[in-house]
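Same order as they appear, the protein sequences are chains A and B. Each residue of the first sequence is one higher than the one before, counting from 101 in the numbering used here. Each residue of the second sequence is one higher than the one before, counting from 68 in the numbering used here. Where is the CB? At the ideal position from N, CA and C, for every residue including glycine. Predicted model only: the values in this text are computed from it and were never measured.
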Amino acid sequence: MLKCNFKSITTSKFGNTADENEDNLLTPSNADETLLRFAISDGATETSFSKEWSDLLVTYYKDNSFEQDHFGSTLDKASKSWQSIATAIELPWYAQQKAEIGAFAAFLGVTINREEFIFNSVAIGDCTLFQVRGNELMLSFPMLKAEEFGNTPHLLSSNSKYQNGVETQLKYYKGEILPDDTIILATDAIAAWVLKRTEKGDKPWNSLQCLLSFEDYKTDFQNWLNNKRQESEIKNDDVTLIVINFQ
Amino acid sequence: MAYTAEISRTNPSCFLFVIDQSGSMSDNYVSVGKPKSEALADVINRMLQQLVIKCAKSEGVRDYYHVGVLGYGANGVKPAFGGALSNKKLVPISEIADNPARIEERTKKVSDGAGGLVDTSIKFPIWFDPTASGGTPMTEAFKQANSIIEDWLSSNPHCFPPVVIHITDGESTDGDPTQEMNRLTRQSSNDGNVILFNLHTNARSTNAISFPGPETTLPDQYAEKLFNGASSLPSFMRNVAAHEFGLSLSDGAKAFVLNGDIDLIITAIEIGTRPSLQLR
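Pasting the structure below:
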C-alpha cells in the first residue's frame, strides 16, 4: 500500500486578518484509510459569504460525489446549505442585495487510492494540482501556463441562476502515483508562481518542500510568502497549499 | 506603471462627482421623458448603490472607496448628499451604505422564468436628490473639486488615482474653468494623475460625440474647453470600454462626451468607475 504524508497551510492576503481568509482546505483526518480525500477552494473576494461557500465545497467533497452524473445534486445540497447560512441573520439592505447575487469559488479536489496507486482529481477555476516525479514536473492540472492566471476562470456559484452547464465546466483527471512522487495542491497566487518559476527553468517545488519541512513551518512559510509578495513575485492574495509526499 | 495600485482598505481610492444643477437641467430628456436632473439623480443613486454592494461583505462594507458628490447651481457649489451626510465632501463607502437619506420602494421588471416579465418591488436607496435652478458656476465647482482632491491626495499619496466625473448640460457662467480643470488633471498620486471625465449631456442628444481622439472637430469653443480639460482614457479604461461595451477606442481617446443622452452618460460613468479590477 502506498504510504503518504502531507502538510498544509492556508493564510490570508497581507493586510487582512486570518478571519478574512476566504480559502478553505480539506485534508484526511486519518492517513491510514485506503481512500484519502484532499481539497482546496478559493472564495471570490468580490462576493459575500465566499468563505462559507468555499468551506461548504471542501466539506461536501469529503462525503459526496463530484462525478459529472451526480454533481448537480451535490451542488444543489451545498447551495441550500449556503442559502441557510446567508439568510440566518437579518442583514442590512446592501448585504442582503449582495447575498442575493450568491457566492463564487474555485475548487480542486483529489482522491487518492493508496491500494491502486491512482488519483482522481476534479477542478473548476484556477486552483491547480502539480505532480512531481524525479524532480521534474509531470503534470499541471487544470492550469497549464502562468499566463492563464490573468483570465477570468469559471467558478462554482451558490446561486442556481449561475449553475447552468456547470457539469461541463468541471475538469477531471485520473493519474497514477509512484512511490517518491509528490502532489501539490495550490490556490491561484502560489500556483501562478510555481508555473512562472518552472517556465524559467527553476524547480520551485523544492523551495516549497524545504519550507514545509521545518518544525515551525507555518511561520517560515508566512515570512517567505510576505517577502515574495513584497518583491511582486507572488500576488497579494489568500494562499492555500497542500503538499503530499508518497513512499 | 501608472494605474496599477491595489485598492484596499489600507490604500483606498476615491470618486468625486461634480454635477451641474443649473436651471436648464430641469429640461426633459426626450428619450426617457424625465428631467435631466431627475434622470441623473437616479443614475448617481444607482451607481452609489452598486458601489456599496460591490464593497459589501457578509460582515459589513469594506472601505475600498471614498465618494463625494458636489453640486453647482443657484446655491453656489455645495456637497450634494442629503440626510445624515449633508455637507460632507468625501465619505467612506461604509458610511454611505449606512446613511441613505431614505430608502424608496420602486418597481422593476424582472424575468418570470417563462420568457415574460413581471413587476417586482426593489429597495432603492436615495442619497442625492435632484435640483435644477440658477446659473452654472462651473469654475468655482472645479476650484472646490481641486481642494477636495488635494486634501485626499495629501492623506493618500499612494492611492489608485482619484476619478472625477463632471456632468453638465451648459456653459460656465462664472468664467473660464480651463485653468482649474488643468490644475485638477495635473494632481497625482504615486500611481498616476487624476482622471477627469467631462460629460456634456443634452435633452435631445443631437450630434452626440463620445470618447473622441485628438483629431476630432468640435462644434464650438465651449465644447473644445471641455474636451481639452478632460483626461485621456488610460488603457485599462479603454479595455473596460472594449470588453463591457464593445467600444473600440483609440490610444488618445478622451474621457469626454458631447450632447450625450442618459444612456451614453451611464456608459461613461460605468467606464469611469471600474477601477475595481485592482480591488482586493
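Short check: CB of K321 of chain B to CB of T245 of chain B, under 8 Å? no
Q) Since W193 of chain A meets chain B, which of its residues come closer than 7 Å, beta carbon to beta carbon? A) I170, K190 and P192
Cross-strand partners of Q88 of chain B (DSSP beta bridge)
B:G140
Margin query: Taking its Cβ as the centre, do 16 or more other Cβ atoms sit within 10 Å of S188 of chain B, making it buried, or is it exposed?
Written below: exposed
For this session: For the segment 128-207 of chain A, list the alpha helix (DSSP H) runs that are entirely contained and at least 4 residues long, ordered along the chain.
Result: 150-163, 168-186 and 193-201
So, is M68 of chain B buried or exposed, given that buried needs 16 or more other C-beta atoms within 10 angstroms? M68 of chain B counts as exposed, since fewer than 16 other beta carbons sit within 10 angstroms of its beta carbon.
**Asked** According to DSSP, which residues form a beta bridge with E236 of chain A?
**Response** A:R233
- Query: Are the segment 262-271 of chain A and the segment 112-123 of chain A touching by the rule of at least three beta carbon pairs closer than 8 Å?
  - Reply: no
Query - Residue from A:G209, A:R297, A:T252 and A:W305 whose Cα sits closest to the Cα of K271 of chain A - result: A:G209
Checklist entry - Which of the three DSSP states, helix, strand or coil, is assigned to I132 of chain B? => result It is Tyr, not Ile, that sits at residue 132 of chain B in the sequence shown. It is a strand residue.
Restricting to Cα atoms, I'd like to know which of A:R233, A:Y194, A:L255 and A:V232 is closest to A223 of chain A.
A:L255
Notebook entry, point to check: Is the Cβ of E133 of chain A closer than 8 Å to any Cβ of chain B?
Noted result: No, because no Cβ of chain B sits closer than 8 Å to the Cβ of E133 of chain A.
Is D119 of chain A near the ligand GTP, in the sense that its beta carbon is under 7 Å from a heavy atom of that ligand? Because no ligand of any kind appears in the structure shown, any question about the ligand GTP cannot be addressed here.
**Message:** Between the segment 126-133 of chain B and the segment 205-214 of chain B, can you find at least three pairs of beta-carbon atoms closer than 8 Å?
**Reply:** no
Neighbour list for G115 of chain A in chain B, Cβ cutoff strictly below 7 Å
Listed along chain B, the residues sitting closer than 7 Å to G115 of chain A by beta-carbon distance are S75 and T77.
Discussion item. Output needed in chain order: residues of the segment 146-159 of chain A with a Cβ under 9 Å from some Cβ in chain B.
Written reply: E146, T147, S148, F149, S150, K151 and E152
| field | Contact belief for A291 of chain A with M243 of chain A at Cβ below 8 Å, rounded distance in angstroms | value | 6 Å
- Message: Here's a check: name, in chain order, each residue in its chain whose Cβ is nearer than 7 Å to the Cβ of N259 of chain A, leaving out the five neighbours to either side.
- Response: Spatial neighbours of N259 of chain A in its own chain (CB-CB distance under 7 Å, excluding positions within 5 residues in sequence) are listed in chain order as I201 and G202.
Note to self: Strictly under 8 Å for the Cβ-Cβ distance: is Q197 of chain A near chain B by that measure?
What the structure shows: So yes, Q197 of chain A belongs to the interface.
- Item | Own chain, CB closer than 6 Å to G339 of chain B, minus 5 neighbours either side, in chain order | V230, I232 and F264
Query raised in the report: What's the C-alpha gap between A139 of chain A and N154 of chain B?
Result: 51 Å
- [ ] Rank B:S277, B:I215, B:E282 and B:D330 by C-alpha distance to the C-alpha of L251 of chain B and give the top, closest one.
- [x] B:I215
query = For I111 of chain B and chain E, any beta-carbon pair shorter than 8 Å?
reply = No chain E appears in this structure, whose protein chains are A and B.
For this session: Going by CA-CA distance only, name the one from A:E333, A:D132, A:F114 and A:D123 that's closest to F106 of chain A.
Result: A:D132
Are V97 of chain B and R271 of chain B touching if we call contact CB-CB under 8 Å?
yes
**Prompt:** Can you tell me the Cα-Cα spacing of K151 of chain A and L126 of chain A, whole angstroms?
**Reply:** 14 Å
When Cβ atoms are compared, which residues of the segment 120-151 of chain B fall closer than 8 Å to chain A? I120, K121, A123, K124, S125, G127 and V128
ask   = Between A:N130, A:G234 and A:L136, which lies nearest to R214 of chain A when the distance is taken from Cα to Cα?
value = A:L136
Item to complete: Taking all protein chains shown into account, decide if S315 of chain B is buried (16 or more other Cβ within 10 angstroms of its Cβ) or exposed.
Response: exposed
Cutting at 6 Å between CB atoms, please list the residues of its own chain near A289 of chain A, excluding the five before and the five after it. I334, K335, D337 and V339
| query | Out of curiosity, what's the CA-to-CA distance linking N213 of chain B and E247 of chain B? | reply | 7 Å
**Q.** Under 8 Å by beta carbon: chain A residues contacting A108 of chain B
**A.** Within chain A, no residue comes near A108 of chain B; the closest Cβ sits about 19 Å away, beyond 8 Å.
**OP:** Reducing DSSP to helix, strand and coil, say where N95 of chain B ends up.
**Re:** Here DSSP, grouped into helix, strand and coil, assigns N95 of chain B to strand.
Checklist entry - Between S343 of chain B and A188 of chain A, what straight-line distance do the alpha-carbon atoms span, to the nearest angstrom? => result Residue confidence for S343 of chain B is low, a pLDDT of 49 falling below 50, so the modelled location carries little weight; the figure read from the coordinates is stated next. If you draw a straight line from the Cα of S343 of chain B to the Cα of A188 of chain A, it comes to about 29 Å.
| task | With DSSP as the reference, label V230 of chain B as helix, strand or coil. | result | strand
Per the DSSP calculation, Y272 of chain A is bridged to which residue(s)? A:V222
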